[in-house]
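Encoded as structure tokens, the structure appears first; notes follow it.
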Amino acid sequence: MKVSKVVQNEIDSLVSLGSKIVDKAAVSGSRFEGADLAEVSSWVTRLGQLVKKLYGENSQHYKNYSEAISTDNFYAIHSRWYGHISQVQGIALTVKHDVENDLLSDIRGLLQAEIFGNFLEIGEHLLNEGYKDAAAVTIGAVLEDGLRELCKKNDISITKPNGSPMTIEPLNTELAKHEVYTKLVQKQVTSYAHIRNKAAHGQYEEYDKSQVEMMLLFVQNFSEQHLAS
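Each residue of the sequence shown is one higher than the one before, starting from 3 at the first, in the working numbering.
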């Protein structure tokens, strides 16, 4: 399905703005306020409208978007809490890829609610379809959520003394320190967290598809070993 020039321009604008927001969040020592916060709110609203228009309200893309923006403290954005923003940017990147490669009509039917049981399956599908960058962001978000759940399971705090939520590396450090898993696993988590961050910051040439495939296998095995009921 071809899209109009207006829609194409909107997609380009949203991806560019998302990259700017992620870069700004990565170095922000304090929470976004004022114009920065208004910019995020506008970006989130515009992207939601576009995803709904292109894929439909019942599509998995729109459900992913809705789930991402439902994150607790979504707008408390700073350098230690912006993984969820990277996840939203991953959705924007996927939309851009779909449109540029004229894949919208091909995948619209595939991305219905019943196709995928969870975000990890979505990440695997994105990877198989050639969206390595969006896949890396999605799989990385699954890993971070998994670490958070593992901390809860082992009565380890997931917040810092000042009340701000821990991100992937502090969670990883705490889990290794409490010997929930080995130092080797800690190093692996750190390695894959770096790939997720590179994807979120548009550093697409610094990793390849095979590394994202290894990342997917690691997170699948990690989930089965540590998070299975």
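Glycine included, C-beta positions come from ideal geometry on N, C-alpha and C.
- One alpha carbon belongs to Val53, the other to Glu181, and they sit about 42 Å apart.
- Beta-carbon to beta-carbon, Val214 and Lys134 are separated by about 5 Å, close enough to satisfy the 8 Å threshold.
- Shown here for Trp45: same chain residues with a beta carbon closer than 7 Å to its own, the five before and five after excluded, namely Leu16, Leu19, Gly20 and Ile23 in chain order.
- Shown here, Pro167 sits in a strand according to DSSP, grouped into three states.
- Residue pairing by DSSP places Trp83 opposite His80 in a beta bridge.
- DSSP, reduced to helix, strand and coil, places Ser225 within a helical segment of the structure shown.
- Using a 10 angstroms sphere on the CB of Tyr206, the tally of other CB atoms stays under 16, which defines it as exposed.
- In the DSSP annotation of this structure, Ser72 is not part of any alpha helix (DSSP H), being labelled neither H nor E.
- Residue burial is scored here from C-beta neighbours: Asn103 has fewer than 16 other C-beta atoms within 10 angstroms and is therefore classed as exposed.
- With a beta-carbon spacing of about 11 Å, Gly85 and Thr140 fall beyond the 8 Å limit used to define contacts.
- By DSSP's assignment, Thr161 forms a beta bridge with Pro167.
- Taking C-beta separations shorter than 8 Å and ignoring five residues to either side along the sequence, the partners of Gly148 in its chain run Val221, Phe224, Ser225, His228 and Leu229, following chain order.
- When C-alpha distances from Leu95 are compared across Asn199, Glu146 and Asp14, the shortest belongs to Asp14.
- The Cβ atoms of Ala27 and Ser61 do not sit closer than 8 Å to each other.
- Assignment of His99 by DSSP, reduced to helix, strand and coil, places it in the helix class.
- One alpha carbon belongs to Ala137, the other to Tyr194, and they sit about 12 Å apart.
- The C-beta of Glu59 has fewer than 16 other C-beta atoms within 10 Å across all chains shown, which makes the residue exposed.
- Under the three-state reduction of DSSP, Phe34 is assigned to coil, being neither helix nor strand.
- The C-beta distance from Asn75 to Pro172 rounds to 16 Å, too long to meet the 8 Å contact threshold.
- Burial check for Gly132: the Cβ neighbour count within 10 Å stays below 16, so the residue is exposed.
- If you look at Tyr194, you'll find it in the alpha helix (DSSP H) that goes Lys185 to Ala202.
- Within the model, the alpha-carbon separation for Lys162 versus Thr184 is close to 22 Å.
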